[in-house]
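Residue numbers (the numbering used here): 199 to 421.
One structure is given below, encoded as structure tokens.
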């Protein structure tokens, strides 16, 4: 009998996309089925010749499973659901409607919220800015949009937890380093965020990496 190849996740938990994947792994209860390979972003591990052979985009996370290599966290999240979430599991994608709703919010994170956060982060770590306060309007506009999405459902994609929530909370918790989440402006965002923070695996899988990132930022900007 042949055994399926082990999954390998290349990661650094300072990365919001990595933290979104770690949250999903914890929710699915499959941490023992995935080998973790640490790539130190702040020491240039993602730029090594060996890693570039795995991912020429030099980003994390990357998931390898046999001949499959996924270099985008949102694709990884969907693959984890399809591989590990049995019928009836809260993270399962059982039909076209559910899948479309989850995909829609994954795309919101990937194309809007995370990109706006990443743009500010690049400017900070390149030394282009030391005060991000003048660069936050696009991020605030993205949170405005998220507020409207959350007016429609309990969670970001629909009325139950999905991997879209993991992707978005990992990004939004990073954004909150610069943009305080004010309940007067974003009441539903703040309610949802509190629900996410209360998940039993949230601190270990998201807050730890977030605190590590905050320490790196402390040497670049005033927090």
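All C-beta atoms in this analysis are idealised placements derived from N, C-alpha and C, irrespective of residue type, glycine included.
Nearest-angstrom Cα separation, counted from residue j out to residue i
{"i": "residue 269", "j": "residue 319", "result": "20 Å"}
{"i": "residue 380", "j": "residue 388", "result": "7 Å"}
{"i": "residue 406", "j": "residue 213", "result": "11 Å"}
{"i": "residue 257", "j": "residue 248", "result": "13 Å"}
{"i": "residue 419", "j": "residue 328", "result": "5 Å"}
{"i": "residue 428", "j": "residue 374", "result": "The chain is shown only over 199 to 421; residue 428 falls outside these bounds and no answer can be derived."}
{"i": "residue 278", "j": "residue 316", "result": "24 Å"}
{"i": "residue 348", "j": "residue 363", "result": "11 Å"}
{"i": "residue 368", "j": "residue 307", "result": "10 Å"}
{"i": "residue 220", "j": "residue 382", "result": "31 Å"}
{"i": "residue 218", "j": "residue 392", "result": "16 Å"}
{"i": "residue 275", "j": "residue 301", "result": "10 Å"}
{"i": "residue 231", "j": "residue 263", "result": "11 Å"}
{"i": "residue 322", "j": "residue 211", "result": "19 Å"}
{"i": "residue 417", "j": "residue 325", "result": "11 Å"}
{"i": "residue 333", "j": "residue 286", "result": "43 Å"}
{"i": "residue 336", "j": "residue 314", "result": "7 Å"}
{"i": "residue 291", "j": "residue 245", "result": "35 Å"}
{"i": "residue 280", "j": "residue 358", "result": "17 Å"}
{"i": "residue 255", "j": "residue 243", "result": "13 Å"}
Buried or exposed (CB count within 10 angstroms, at least 16 for buried), residue i
{"i": "residue 204", "result": "exposed"}
{"i": "residue 403", "result": "buried"}
{"i": "residue 401", "result": "exposed"}
{"i": "residue 305", "result": "exposed"}
{"i": "residue 209", "result": "buried"}
{"i": "residue 298", "result": "exposed"}
{"i": "residue 378", "result": "exposed"}
{"i": "residue 371", "result": "buried"}
{"i": "residue 360", "result": "buried"}
{"i": "residue 350", "result": "exposed"}
{"i": "residue 414", "result": "exposed"}
{"i": "residue 411", "result": "buried"}
{"i": "residue 355", "result": "buried"}
Three-state secondary structure assigned by DSSP to residue i
{"i": "residue 233", "result": "strand"}
{"i": "residue 263", "result": "strand"}
{"i": "residue 209", "result": "strand"}
{"i": "residue 199", "result": "Bear in mind that the predicted position of residue 199 carries a pLDDT of just 44, short of 50, making it unreliable; the figure below should be weighed with that in mind. The answer is coil: DSSP assigns residue 199 none of H, G, I, E or B."}
{"i": "residue 390", "result": "helix"}
{"i": "residue 244", "result": "helix"}
{"i": "residue 214", "result": "helix"}
{"i": "residue 353", "result": "coil"}
{"i": "residue 377", "result": "coil"}
{"i": "residue 398", "result": "coil"}
{"i": "residue 227", "result": "coil"}
{"i": "residue 417", "result": "coil"}
{"i": "residue 342", "result": "helix"}
{"i": "residue 238", "result": "coil"}
{"i": "residue 204", "result": "coil"}
{"i": "residue 358", "result": "coil"}
{"i": "residue 383", "result": "coil"}
Integer-rounded CB distance, given that residue j should sit under 8 Å from residue i
{"i": "residue 353", "j": "residue 384", "result": "15 Å between Cβ atoms; not a contact."}
{"i": "residue 206", "j": "residue 233", "result": "5 Å"}
{"i": "residue 283", "j": "residue 399", "result": "Their Cβ separation, rounded to whole angstroms, is 16 Å, which puts residue 283 and residue 399 out of contact at 8 Å."}
{"i": "residue 289", "j": "residue 222", "result": "7 Å"}
{"i": "residue 340", "j": "residue 311", "result": "5 Å"}
task: Give, in chain order, every unbroken run of the beta strand (DSSP E) that is at least 3 residues long and sits entirely within the region 253-338.
output: 260-263, 266-268
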